[in-house]
Amino acid sequence: MGSLSIKLFGKTLRNPVMNASGTLGYGREIEPLWGVETLGAYVTKGLSLNPHHGNPTPRVWEEQRGLINSIGLQNVGVDRFFDQYFPLFQEKKTPIIVNFFGFTEEEYIACAEKIRPHRLIIALEMNLSCPNVKQGGISFGKDPDLVHDIVMAVKRVTKIPVIAKLTPEVKNLKEIAQGAYEAGVDGFTLLNTIPAMVVDVEKRTIPIRGGLSGPALKPVALKAVYEISTSFPVPVIGAGGIMDHTDALSFLLAGAKALQVGTATFIDPYTIPKIVKGLEEYLKRCRCPSIGAIVGAARG
Amino acid sequence: MGSLSIKLFGKTLRNPVMNASGTLGYGREIEPLWGVETLGAYVTKGLSLNPHHGNPTPRVWEEQRGLINSIGLQNVGVDRFFDQYFPLFQEKKTPIIVNFFGFTEEEYIACAEKIRPHRLIIALEMNLSCPNVKQGGISFGKDPDLVHDIVMAVKRVTKIPVIAKLTPEVKNLKEIAQGAYEAGVDGFTLLNTIPAMVVDVEKRTIPIRGGLSGPALKPVALKAVYEISTSFPVPVIGAGGIMDHTDALSFLLAGAKALQVGTATFIDPYTIPKIVKGLEEYLKRCRCPSIGAIVGAARG
Amino acid sequence: MHRLFAYASVVDQREISRAMNDIEGKITTNDEVAPGYYLLKVKLSRPMDPFVPGQFVMIRVPDRDVFLRRPFSIYDYHRPVLSLLYKVVGKGTEILSKTGKNEKVSVLCPLGKGFYLQKRQEYVILSGGIGIAGVHALIRRLGTRSSVFFGCAAKKELALIKEIDTLPVSVSTLDGSYGFHGTVVDLLSEHLTTLREKDIEIFACGPAAMLKALRRILEKDKTPCQVLLEERMACGLGLCFGCVTKTVDEAEPYKRVCKEGPVFDLWEVCL
Amino acid sequence: MHRLFAYASVVDQREISRAMNDIEGKITTNDEVAPGYYLLKVKLSRPMDPFVPGQFVMIRVPDRDVFLRRPFSIYDYHRPVLSLLYKVVGKGTEILSKTGKNEKVSVLCPLGKGFYLQKRQEYVILSGGIGIAGVHALIRRLGTRSSVFFGCAAKKELALIKEIDTLPVSVSTLDGSYGFHGTVVDLLSEHLTTLREKDIEIFACGPAAMLKALRRILEKDKTPCQVLLEERMACGLGLCFGCVTKTVDEAEPYKRVCKEGPVFDLWEVCL
Ligand SMILES: Cc1cc2nc3c(=O)[nH]c(=O)nc-3n(C[C@H](O)[C@H](O)[C@H](O)COP(=O)(O)OP(=O)(O)OC[C@H]3O[C@@H](n4cnc5c(N)ncnc54)[C@H](O)[C@@H]3O)c2cc1C
Ligand SMILES: Cc1cc2nc3c(=O)[nH]c(=O)nc-3n(C[C@H](O)[C@H](O)[C@H](O)COP(=O)(O)OP(=O)(O)OC[C@H]3O[C@@H](n4cnc5c(N)ncnc54)[C@H](O)[C@@H]3O)c2cc1C
Ligand SMILES: Cc1cc2nc3c(=O)[nH]c(=O)nc-3n(C[C@H](O)[C@H](O)[C@H](O)COP(=O)(O)O)c2cc1C
Ligand SMILES: Cc1cc2nc3c(=O)[nH]c(=O)nc-3n(C[C@H](O)[C@H](O)[C@H](O)COP(=O)(O)O)c2cc1C
Ligand code: FES
Ligand code: FES
Chain R
1 MGSLSIKLFG KTLRNPVMNA SGTLGYGREI EPLWGVETLG AYVTKGLSLN
51 PHHGNPTPRV WEEQRGLINS IGLQNVGVDR FFDQYFPLFQ EKKTPIIVNF
101 FGFTEEEYIA CAEKIRPHRL IIALEMNLSC PNVKQGGISF GKDPDLVHDI
151 VMAVKRVTKI PVIAKLTPEV KNLKEIAQGA YEAGVDGFTL LNTIPAMVVD
201 VEKRTIPIRG GLSGPALKPV ALKAVYEIST SFPVPVIGAG GIMDHTDALS
251 FLLAGAKALQ VGTATFIDPY TIPKIVKGLE EYLKRCRCPS IGAIVGAARG
Chain Y
301 MGSLSIKLFG KTLRNPVMNA SGTLGYGREI EPLWGVETLG AYVTKGLSLN
351 PHHGNPTPRV WEEQRGLINS IGLQNVGVDR FFDQYFPLFQ EKKTPIIVNF
401 FGFTEEEYIA CAEKIRPHRL IIALEMNLSC PNVKQGGISF GKDPDLVHDI
451 VMAVKRVTKI PVIAKLTPEV KNLKEIAQGA YEAGVDGFTL LNTIPAMVVD
501 VEKRTIPIRG GLSGPALKPV ALKAVYEIST SFPVPVIGAG GIMDHTDALS
551 FLLAGAKALQ VGTATFIDPY TIPKIVKGLE EYLKRCRCPS IGAIVGAARG
Chain U
601 MHRLFAYASV VDQREISRAM NDIEGKITTN DEVAPGYYLL KVKLSRPMDP
651 FVPGQFVMIR VPDRDVFLRR PFSIYDYHRP VLSLLYKVVG KGTEILSKTG
701 KNEKVSVLCP LGKGFYLQKR QEYVILSGGI GIAGVHALIR RLGTRSSVFF
751 GCAAKKELAL IKEIDTLPVS VSTLDGSYGF HGTVVDLLSE HLTTLREKDI
801 EIFACGPAAM LKALRRILEK DKTPCQVLLE ERMACGLGLC FGCVTKTVDE
851 AEPYKRVCKE GPVFDLWEVC L
Chain L
872 MHRLFAYASV VDQREISRAM NDIEGKITTN DEVAPGYYLL KVKLSRPMDP
922 FVPGQFVMIR VPDRDVFLRR PFSIYDYHRP VLSLLYKVVG KGTEILSKTG
972 KNEKVSVLCP LGKGFYLQKR QEYVILSGGI GIAGVHALIR RLGTRSSVFF
1022 GCAAKKELAL IKEIDTLPVS VSTLDGSYGF HGTVVDLLSE HLTTLREKDI
1072 EIFACGPAAM LKALRRILEK DKTPCQVLLE ERMACGLGLC FGCVTKTVDE
1122 AEPYKRVCKE GPVFDLWEVC L
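Residue numbers (this note's numbering), protein chains in the order written: chain R, 1 to 300; chain Y, 301 to 600; chain U, 601 to 871; chain L, 872 to 1142.
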């Protein structure tokens, strides 16, 4: 039987399937159903230097084959995460990727500084979709120079590999990635949600403005994964509308080395273990020695 | 009963419902089912100075609640359009919006120059998603300065009102719109398709890379319509995933003065007449004097 | 009391939430019991773990037009049949109401934190409209130990309390077509002086306006009161932080309705 | 001939395409006639306009998982029943094969340009596999005026020509389990010298490889030949330009299969 294990940033993960940040709570909420050790790695909810309260409701809205969320980055802050929630991953020896964000460059730096290297922390994932309050609220991830500078600044204060998680709402994704790459980024996660909005026709209101996730995003994310994985020699982690192991294969074939599953978990909380199983069976069926062998195979 | 008629660029249209460019052929193809005079205005297939052959197949691919196309702008050229296809609209007194494109600034200008003012031509719609071959193939619509210059150049050679049709794949839509606005643009059409890709998991190939349209695009397009219609005092025409009259109302309530229906026509070729009827009934039900009265009503 | 509420009082809440499961079920009945209200019975393929009244389920409507699951209170459960009472308010409930017998559904259950029972001299249960669904299991378990108040728009909605007609229920209707003419909170306030002579606790479920009115009449005495709140949910499991409600906790004001709730202490939430 | 092909020969093609309609229908049968092949019969709620063999329909599979309609040749039509023969190849046909009796479907029909008949001494009809669906109506109309060649993978697919078993059909199988052992083009080429003594025209429908092989054996003489092509379609109406095939027309090489086709002159397309 083929092996699902992959090497990422020099560490071995049992499989390439992760949750997407913000879609598996602090990890322990899923424990009544399945254990976090099922994951290749757990990606933390977006953490910040100080706790954030987040937005008022409605925070979630159903769209056709998609979800719009406006959680507003509620989180307990990086310190409390390590005090309160990290022990579960230590106990279960589950690698984690720490997703984090800031509203200023200083916040990113200070947050990254607080995260001490640990054998279970395989990377820091920088959520670059955050508004930069010092630059009129446009998000960091939209400008190649801003991306370059912030990645560089974070790389300077940490020894942990750094992943840039990019937003699709940019002029030229490759240019953004180039900015991060030149600053020494170790990998990319593609994609974050797309800005979207809902109109309630009955009430004539706009109940929510937020980020669109789910299957609607998939073909856009696939293109991003293809484009960036063919252009830069660092690993790409794919995310966006992965609902089953066939979707997962699409991302791997397009060039993703690992995957993140978000919205699907809300509909079927067993999606992640099912994808792991589906990939195992696929390797067996194709007599493929390892999942790494199919990464990028559709790119010809 | 309320009236569906709207004023756009000083002309009166019988209703705010148009086809989206490239989704109703040259107009006459739909005649066996319903007459083009049903439309508020017919939007031409994208036209260019010289004929274009377009891309090899596959050109269309089904996605979840969406379509990916890579037609490659096949068209007979602006001259032949007016010789061969325009007479139908003259005969039926149907207003038209001429969608056009170029791969260089010169092509845009030369094409616009060829289109002589005519009482039935209510506007020129510039497709700004085209790659600019002189600037490394990045599309015109992604750079505010490029947009400014090209709109300005086109405005200089034509007396017909000019609409900028924008692509969602930009850093900051408002900045792009600002470029067009400062150059004197008369209106906006939002949105064009989003770049996307498909992986064939069985064959391990990438059968198509193209633009995503249909319901998946709707929440993204709604946000764009809201954002631009609240920021600029020129009419916005909404497009993206409109499948029925409720979707149409969402766009009107978000601030669109008129609508374009594309992909939906492929699934149900009667979508446009059905939306016109649905809007009529809505006005009646709400005792609303005119469709114009609800434009932007959800924006509070 | 202990016997009735073994899970809430003896077992720690974390343990309860450990007992959730995604269970396949088959619809056995789905009848309109009052105009726009349906009673859905689902035969589960394996038994649901013990539940506390006030807990809920996330049900997957068997139609691709509905993307997310929908939350509904556990109305009743007699192994292996789970009952839900729901009101048609939008797309999901509309489609659910048209779903036929024998259709398969997935039910994630039991979820959230139910009503917590301390020893009291008397319990008062208050519900408005479809809010009855949230307290029905509680009414059944408490039997005559509680006073039940139910408010609705008009007489025709009385069908919603038909299943508890062995117990005395004080009813109000907004149009005066049955019982007290007015809101259920107005009705309760008429009895409040008498009730307050005992050591009572109130359990309430209903529209936001009802809960706000209730809060106003209890404000002075801060009568113990638990409320069952509703919010749009994506996961129902505490994963997404989509379903929050604001509380008085300044450090972390937004609590998840699906995880820290749906039952909250009235005095800890900001309605 | 005129009687048989009133529409193709007398009525101008533009007029024919004017006669298309979107018609509601109800599935009456949907049976697996050979492994992986289904014969679907749809009772239309109103009559389809006269059609020409080779024309097709766009059918809406009644399932939200399928976004676009799917094109299928008109296999047969006896007012008010439309028959389609299809092979399960992907998601749409898979779901269609599981669609039950009495389900409602919308059928946009008849579409495209069918086979065009000029007076000839003899007609030769060639099809491979599911390609039979595209020429079946033509075979039925031409009766004994044509020679029919049919190729398939193995004997079990012979069920596909059961409905024309009153006519002589020359059969080839790739595995030699029935008839000629080889491809249908190899089989045809064995008869070609005899056939060429007459003024013939060939009508063909089948996989790309078959059409290419056919082209090779006809190349020298440029025997008149019409081919029915398939392409992925979005609209089927000529609206989207999604379904093109390359032709020798240098000014406008890409022609729409749904509008200028699906039947093309073999010598005008670039296979
Ligand atoms: C813990 C909990 C228990 C519930 N128990 C019941 C019950 O037993 N019976 C019952 O009929 N309803 C119950 N609800 C409400 C029920 O979940 C919603 O009515 C349902 O999800 C609406 O789905 P829809 O697709 O029909 O409406 P949508 O089209 O999604 O929305 C229509 C309307 O319903 C409201 N709505 C949508 N989702 C929710 C939600 N999660 N909570 C409250 N309002 C919502 C919206 O504000 C909107 O006005 C409960 C909700 C929660 C959170
Ligand atoms: C004019 C015309 C007439 C046709 N007549 C018949 C018929 O009578 N019987 C029949 O079984 N099939 C016919 N086809 C082919 C049929 O349309 C496709 O097999 C069907 O659309 C596949 O749908 P799917 O969802 O199952 O496959 P998908 O999942 O969409 O694709 C699966 C496979 O089918 C192929 N395919 C998809 N769409 C088409 C298409 N439009 N044309 C050709 N191949 C396609 C793809 O290349 C792919 O390999 C016809 C096609 C055309 C254009
Ligand atoms: C409810 C919710 C919360 C999210 N929170 C975060 C977050 O805190 N940080 C982040 O980088 N991405 C966040 N995301 C984005 C996801 O991690 C992921 O990139 C996106 O949802 C696409 O994947 P999906 O389609 O599988 O959900 C969130 C998404 C959702 C739906
Ligand atoms: C097949 C197809 C062809 C298109 N051709 C053009 C075009 O030539 N010019 C243009 O500006 N937009 C073109 N578009 C984009 C549409 O006009 C429209 O902006 C987009 O499809 C979103 O609307 P919809 O979701 O209703 O289809 C095309 C879209 C499709 C699906
Ligand atoms: S619904 Fe996801 S946290 Fe409550
Ligand atoms: S399928 Fe749209 S033009 Fe042929």
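C-beta atoms are modelled at their ideal positions from N, C-alpha and C, and glycine is treated no differently.
The Cβ atoms of Leu1038/L and Cys1129/L lie no closer than 8 Å to each other.
Taking 9 Å as the Cβ-Cβ cut-off, the stretch 682-715 of chain U approaches chain R at Lys691, Gly692, Ser706 and Leu708, given in chain order.
Burial check for Cys286/R: the Cβ neighbour count within 10 Å stays below 16, so the residue is exposed.
Rounded to whole angstroms, the separation of the alpha carbons of Ile591/Y and Gly714/U is 48 Å. The nearest non-hydrogen atom of ligand 1 is less than 7 Å from the C-beta of Thr693/U. In this structure, Glu469/Y and Ser321/Y do not form a Cβ contact; the two beta carbons are roughly 17 Å apart against a cut-off of 8 Å.
For Gln478/Y, the enclosing alpha helix (DSSP H) stretches over residues Leu473 to Glu482. Annotation: His52/R to Pro332/Y spans about 59 Å, alpha carbon to alpha carbon.
Exclusion of the five residues before and after Cys840/U leaves Ala834 as the residues of its chain whose Cβ lies within less than 7 Å of its Cβ. In the three-state DSSP reduction, Phe943/L falls in the strand class (E or B). For Phe89/R, the three-state secondary structure derived from DSSP is helix. A residue is called buried once 16 or more other Cβ atoms fall within 10 Å of its Cβ, and Arg359/Y is buried on that count. With contacts defined by Cβ atoms closer than 8 Å, Val960/L and Arg931/L do not form a contacting pair.
Under the Cβ criterion (8 Å, minimum of three pairs), the stretch 226-242 of chain R counts as touching the stretch 251-258 of chain R. In this structure Asn132/R is buried. Its beta-carbon is surrounded by 16 or more other beta-carbon atoms within 10 angstroms. The alpha-carbon of Gly214/R is positioned some 18 Å away from that of Gly72/R.
As the crow flies, the alpha-carbon of Asp649/U is around 12 Å from that of His678/U. Following the DSSP letters along the chain, one finds Gly1005/L in no beta strand (DSSP E) but inside the alpha helix (DSSP H) bounded by residues Ile1003 to Leu1013. Check the Cα spacing between Ile1071/L and each of Ile996/L, Leu910/L, Glu1028/L and Val1115/L: the tightest is with Ile996/L. In the structure shown, the three-state DSSP call for Thr338/Y is helix. In the structure shown, Gly436/Y adopts coil according to DSSP, grouped into three states. When rounded, the separation of the alpha-carbon atoms in Gly836/U and Gly731/U is 19 Å. Each residue's CA atom was taken as its position, placing Pro942/L and Gly35/R some 47 Å apart. Taking 7 Å as the cut-off, the C-beta of Gly187/R does not count as close to any heavy atom of ligand 3. At a cut-off of 8 Å, the C-beta of Gly1109/L has a neighbouring C-beta in chain Y.
The beta carbon of Ile567/Y lies closer than 7 Å to none in the same chain, with the five residues before and after it left out. Membership of Asp893/L in the beta strand (DSSP E) is indicated by the continuous run Asn892 to Ala905.
Under DSSP, Met197/R shares a beta bridge with Arg209/R. Out of Gly136/R, Phe100/R and Lys174/R, the CA that lies nearest to the CA of Ile163/R is found in Phe100/R.
Chain-order list of chain R residues neighbouring Ser550/Y: Val199 and Val201, by C-beta distance under 7 Å. Taken atom to atom, the span from the alpha-carbon of Arg740/U to that of Ile764/U is near 7 Å.
Take the alpha-carbon of Arg365/Y and the one of Ile208/R: they are about 21 Å apart. Listed along the chain, the chain U residues whose CB falls inside 8 Å of the CB of His53/R are Glu852, Pro853 and Tyr854. Contact of Gly625/U with chain R is not assigned, every C-beta pair being separated by 8 Å or more.
Residue state for Pro215/R is assigned as helix, using DSSP reduced to three classes.
Here Ser231/R carries a helix assignment [DSSP, helix/strand/coil].
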